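Please read the structure below before turning to the comments.
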Amino acid sequence: MTAPTVCVFDYGFGNVRSATRALEHVGADVTLTADRAVAENADGLVVPGVGAFAAVMDGLRAARGDQIVGRRLAGGRPVLGICVGMQVMFERGVEHGIESEGLDQWPGVVELLQAPVVPNMGWATVEAPEGTRLFKGVEDERFYFVHSYGAREFPLGTTEDTGRFAAPLVTWSRAGTAEQSDAFVAAVENGPLSATQFHPEKSGDAGLQLLKNWVTGL
């Protein structure tokens, strides 16, 4: 059986080497590149992201990543965003009072977490929804987060099908202590578009299983 092809989009912002190794470990045939043809034609596209929202968006646009993501999703071809690669899928981001446009695949804003300590760094559990495929077998495991910003709301309806398309499945987590914590979106499964705020490639066996779940669905 031929291994699914995955392009890790190499546009200058992300843990591309660790993501590549993790995906290869779970059976994908991985190419690390910013080549448009490869990115558009692979079975799956991974969009990593590290740094400021605005800088990541500038990098994506410079590499035509915004067009590539749009074309893939319009054709129902899978995309996986990781960390800031997830954040830019939202309508906009606000950092240090500066508002930047995202890819607008989902309504909503990425903003500073309202937690006693930021960045939110370390291992944390998630609240995965019923019917999740991404978290199958690892619903109760912990994943590695490192971020100061996140989507604290998900305005797109998540309880009913929205016409032709099933409603997104949204996974939540919390930053801060039990007494004072802030809920944020930890992952989204929305047709061909999936994304995680945490780093699956840095999340041990649980992260590898999550990536395997995504790869086997390509």
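Residue numbering for the sequence shown follows numbering that gives the first Met the number 0, beginning at 0 and increasing consecutively.
Where is the CB? At the ideal position from N, CA and C, for every residue including glycine.
Since the structure is predicted, the reported quantities are computational estimates derived from the model, not experimental observations.
- For the pair of segments examined, the region 4-12 was found not to touch the region 183-200: the number of CB pairs separated by less than 8 Å stays below three.
- Comparing alpha-carbon positions, the option among Gly-48, Trp-105 and Leu-79 lying closest to Phe-89 turns out to be Trp-105.
- For the pair of segments examined, the region 37-49 was found to touch the region 58-74: the number of CB pairs separated by less than 8 Å reaches three.
- Using a C-beta cut-off of 8 Å, the region 148-155 makes contact with the region 112-130, since at least three inter-stretch Cβ pairs fall below that distance.
- Taking all protein chains shown into account, Ala-18 has 16 or more neighbouring C-beta atoms within 10 Å of its C-beta and is therefore buried.
- Going by DSSP, Gly-175 is part of the beta strand (DSSP E) stretching over 168-175.
- By a beta-carbon distance limit of 8 Å, Phe-134 does not contact Ala-123. Their separation comes to about 14 Å.
- Of Val-108, Ala-2 and Ser-193, the smallest CA-CA separation from Val-93 is found for Val-108.
- Going by DSSP, Gly-107 is part of the beta strand (DSSP E) stretching over 105-111.
- DSSP places Met-120 inside the beta strand (DSSP E), whose first and last residues are 119-124.
- Per DSSP, reduced to three states, the secondary structure at Arg-63 is coil, with no helix or strand assignment.
- Annotated three-state conformation of Ala-194 is strand, per DSSP.
- Using a Cβ distance threshold of 8 Å, Val-87 and Val-49 do not count as a contacting pair.
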